[in-house]
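Written below as structure tokens is the structure these notes are about.
In the working numbering, the protein residues as written are 3 to 255.
Encoded structure:
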């Protein structure tokens, strides 16, 4: 079953650009699996929010959470360097990838149903408290639990394929062997204090060594949303993760 799900996700992403004539292109997804009863899910009610959902809150007989990272092609990240606005390419990639994730999850859900399994699809984004700016289903924390990677100084998840891309997840009652979580750090600052590039990239003062101002960050995201309103909803920035040692891989390997 694990190989089946991985194959479905990879093939869907591989053919999506051609089928939908998107401006965005992606590298091969990175996929991991978590047991729905992993004790770390319960800890998210303390770490993230007391209202954070458990897999079984969304699907009563949940067995597995499928988590995946869809990396952008390098040129998209390279376009998003400097300036106040994120690049048009980055904004477009954000919008098109959110659409891809929604369609991918619908496809996976139907394929699982054919095999006799149920599933629930959490929203790919924009599912958060607008005052606290905290989600009740944090895709990056779900990805961490599933073993996709480790958190960086920039508060984003670093995978073996970096952090320039989008995360998605799906809950199912299909029993799938969990992925083993990595034990070593993926962030150079956390590993040996040799890098603070993400903080240097955030010229808006939202990201610091010992703190993250999510409201200041969101102000910039909303600024970009207004700037690119004709494209769709692009409340995104990404300056902190573009062209850093962890943009496209795990620099601690």
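In this text, a Cβ means the ideal position worked out from N, Cα and C, and glycines have one as well.
All values derive from a computational prediction rather than experimental measurement.
By how many angstroms is the C-alpha of residue j removed from the C-alpha of residue i?
| i | j | result |
| --- | --- | --- |
| residue 304 | residue 239 | In the structure as shown, the chain begins at 3 and stops at 255. Residue 304 is therefore absent and cannot be evaluated. |
| residue 6 | residue 94 | 30 Å |
| residue 23 | residue 241 | 26 Å |
| residue 198 | residue 249 | 13 Å |
| residue 2 | residue 147 | A question about residue 2 goes unanswered here, because the residues of the chain that appear run from 3 up to 255. |
| residue 78 | residue 163 | 15 Å |
| residue 13 | residue 218 | 38 Å |
| residue 19 | residue 28 | 8 Å |
| residue 40 | residue 193 | 26 Å |
| residue 57 | residue 44 | 10 Å |
| residue 88 | residue 62 | 40 Å |
| residue 85 | residue 229 | 13 Å |
| residue 222 | residue 90 | 15 Å |
| residue 113 | residue 11 | 11 Å |
| residue 92 | residue 118 | 38 Å |
| residue 76 | residue 225 | 24 Å |
| residue 47 | residue 101 | 28 Å |
| residue 116 | residue 165 | 33 Å |
| residue 255 | residue 186 | 9 Å |
| residue 216 | residue 231 | 22 Å |
| residue 133 | residue 80 | 32 Å |
Beta-carbon separation of residue i and residue j under 7 Å?
| i | j | result |
| --- | --- | --- |
| residue 151 | residue 159 | yes |
| residue 34 | residue 69 | yes |
| residue 72 | residue 245 | no |
| residue 190 | residue 196 | yes |
| residue 252 | residue 188 | yes |
| residue 64 | residue 173 | yes |
| residue 233 | residue 103 | no |
So, at 6 Å on beta carbons, what are the nonlocal neighbours of residue i in its own chain, with the 5 sequence-adjacent residues on each side left out?
| i | result |
| --- | --- |
| residue 138 | 53, 54, 55 |
| residue 25 | 94 |
| residue 145 | 69, 159, 169 |
| residue 161 | 32, 71, 150, 151 |
By Cβ distance, which residues of its chain are closer than 8 Å to residue i, with the 5 residues on each side in sequence left out?
| i | result |
| --- | --- |
| residue 214 | 157, 208 |
| residue 201 | 155, 156, 209, 210, 211, 242 |
| residue 108 | 123 |
| residue 247 | 190, 197, 199, 253 |
| residue 31 | 11, 12, 15, 70, 71, 72, 73 |
| residue 184 | 149, 151, 152 |
| residue 220 | 135, 237 |
Can you list, in chain order, the residues of its chain with a C-beta nearer than 7 Å to that of residue i? Leave out the 5 residues immediately preceding and following it.
| i | result |
| --- | --- |
| residue 227 | 235, 236, 237 |
| residue 4 | 35, 178, 179 |
| residue 37 | 66, 180 |
| residue 204 | 241, 242 |
| residue 42 | 147 |
Assuming residue i contacts residue j under a Cβ cut-off of 8 Å, what Cβ separation, rounded to an integer in Å, is found between them?
| i | j | result |
| --- | --- | --- |
| residue 50 | residue 141 | 11 Å between Cβ atoms; not a contact. |
| residue 121 | residue 110 | 7 Å |
If we require 3 or more residues per run, which beta strand (DSSP E) segments fall completely within the segment 108 to 162?
Annotation: the segment 108 to 162 contains the following complete segments of the beta strand (DSSP E) (minimum length 3 residues), in chain order: 151 to 153, 159 to 161.
In the segment 23 to 108, which residue ranges form an unbroken alpha helix (DSSP H) of at least 4 residues, counting only runs that do not cross its ends?
Runs of the alpha helix (DSSP H) inside the segment 23 to 108: 41 to 49, 57 to 60, 76 to 80.
As an exercise, report each continuous beta strand (DSSP E) stretch of at least 3 residues that is fully enclosed by the segment 176 to 201, in chain order.
If we require 3 residues or more, the segment 176 to 201 turns out to have no beta strand (DSSP E) run fully inside it.
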